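What follows is a short report on a single structure.
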Amino acid sequence: PSFEYLLLEKRPSGVAIIQLNRPKALNALCLGLLEELVNLLQTLDKDSSVRSIVLTGAGKGYKNVENLFFFFLAVRIKFCLFGSKKKKKKKESKAFSAGADIKEMEPKNYMDVYKEDMFTIADKIAYNVRKPIIAAVNGFALGGGCELAMTCDIIIASDKAKFGQPEINLGTIPGIGGTQRLTRAIGKSRAMELCLTGDLITAQQASEWGLVSRVVPHEKVLQEAIDVAEKIAKKSVPIAIICKEAVNRSFESSLKEGVLFERRLFHSTFSTKDQKEGMSAFSQKKEAKWQDA
Ligand code: HXC
């Protein structure tokens, strides 16, 4: 499939890498982008060659190793054509996503956003995509960008990443679950502070507050996310899906309900071939060969 706002790479390891690709607008989430993203995620979810997904933002820092040859070729050709004369380049900040597209939202009134049920489509990422998604946050994750990262299952941040919910500075509030997921992730006082002041926090701060799993040097963030995705891709897909479902239930239920839900899912894994395989491989000191069944 071809996309206007995304780049997709599917690796033989079973990892699909999606890049939000509007770098000139800091990967702002226009409705077209969100629609493409949700459709693609749902397609990958059904694609048996895909076992886990990485989501990141396009920008200067992304190096597709397989395309490095062409990159250097392009640099050489450019050098030959234009010499080494340095041109004044437009500053291109790196971003995961700077949030919902402000220019697209600006002219809309209440009935417009109500009728289109603006951003409801994004709920499908959190509730309808069953395979694990790892966000590689390679720069700004603001407003809808921070919310999008929070709908993913694991967040790995570049040391240059910045997080925030600055909607209050635009006269609005978060609209893709920011007030809810951020509060559950970092607690009320910190979430209130971010949402009410619109201040941005560094990746380090986000890590100390538990919003992200870890912070890595900027140029390593994508590879680090791919490594995690590949580790997950080596597990049984249905068991990983069941596991994700159980963890996510902790956001939606009381502790007792959650524990009961987990118990039922745990029991259900005993109906799978992969539970038999995993446990017998352990006993026989062999590596498990998952059948995804
Ligand atoms: C549309 C955006 C944008 C956005 C940046 N751009 N963010 N366009 N929507 N959210 C555009 C700029 O207009 C500019 O385009 C280009 O991207 C580069 O941005 P600059 O501002 O020049 O870059 P820089 O000086 O590096 O500043 C980076 C920044 C700043 C701090 C991230 O761009 C910024 O504050 N952006 C808005 C962040 C924000 O408020 N997000 C929340 C959105 S509301 P031109 O054409 O001028 O080069 C939201 C909540 C809605 O998400 C409800 C739920 C989703």
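Residue 334 is where the sequence shown ends in the UniProt record's numbering, and the numbering goes up by one at each step.
For each residue, glycine too, the CB sits at the ideal point set by N, CA and C.
Note that this is a predicted model, so its numbers are computed, not measured.
From this set, the options, which residue's C-alpha is nearest residue i's C-alpha?
i      : options                        : result
Val269 : Ala136, Met146, Ala198         : Ala198
Ser312 : Pro215, Glu328, Ile280         : Ile280
Glu76  : Phe292, Ile166, Ala57, Val95   : Ile166
Ile283 : Ser294, His308, Phe323         : His308
Arg52  : Glu145, Ser93, Ala136, Leu82   : Ser93
Leu74  : Lys261, Ile227, Asn62, Lys317  : Asn62
Thr220 : Pro173, Ile58, Glu234          : Glu234
Val262 : Asp153, Lys285, Ile59, Val178  : Val178
Cys193 : Asp164, Ile209, Gly212, Asn210 : Asp164
Lys201 : Ser291, Ser248, Tyr155         : Ser248
Ala57  : Leu67, Glu45, Tyr46, Asp86     : Asp86
Thr224 : Phe292, Gly98, Ala287          : Phe292
Ser277 : Leu82, Thr310, Thr243          : Thr310
Lys314 : Lys326, Leu301, Trp331         : Trp331
Asn169 : Pro258, Leu82, Lys65, Gly98    : Leu82
Ser43  : Leu78, Gln264, Glu145          : Leu78
Do residue j and residue i come within 7 Å of each other at the CB atom, strictly closer than that value?
i      : j      : result
Ala139 : Phe204 : no
Leu188 : Ile217 : A small fix is needed here, since residue 188 is Glu in this sequence, not Leu. Yes, these two residues count as a Cβ contact at 7 Å.
Ser254 : Ile214 : no
Ser90  : Ala274 : no
Pro207 : Leu237 : no
Ala141 : Leu70  : yes
Leu96  : Ala176 : yes
Gln60  : Leu72  : no
Gly299 : Arg290 : yes
Glu318 : Ala334 : no
Ala287 : Glu303 : yes
Asn210 : Gly185 : no
Val256 : Gln245 : yes
Arg222 : Trp250 : no
So what does DSSP say about residue i, is it helix, strand or coil?
i      : result
Gln245 : helix
Leu70  : strand
Gln316 : helix
Pro215 : coil
Arg304 : helix
Glu293 : coil
Glu328 : coil
Lys65  : helix
Gly299 : helix
Pro279 : helix
Tyr103 : Reliability fails at Tyr103, whose pLDDT of 42 lies under 50, so the model's placement of it is uncertain and the value that follows must be treated cautiously. In this structure, Tyr103 counts as coil in the three-state DSSP scheme.
Met334 : In the sequence under discussion, the amino acid at residue 334 is Ala, which differs from the Met named in the question. Coil.
Ser321 : helix
Ser230 : helix
Asp268 : helix
Arg92  : coil
Ser309 : helix
In this structure, what does DSSP give as the bridge partners for residue i?
i      : result
Gln60  : Leu48, Thr97
Gly205 : Leu183, Leu241
Arg255 : Ile197
Fill in: Continuous beta strand (DSSP E) assignments of at least 3 residues falling wholly in the stretch 123-201
Here the runs fully enclosed are 136-138, 174-178, 181-183, 195-199.
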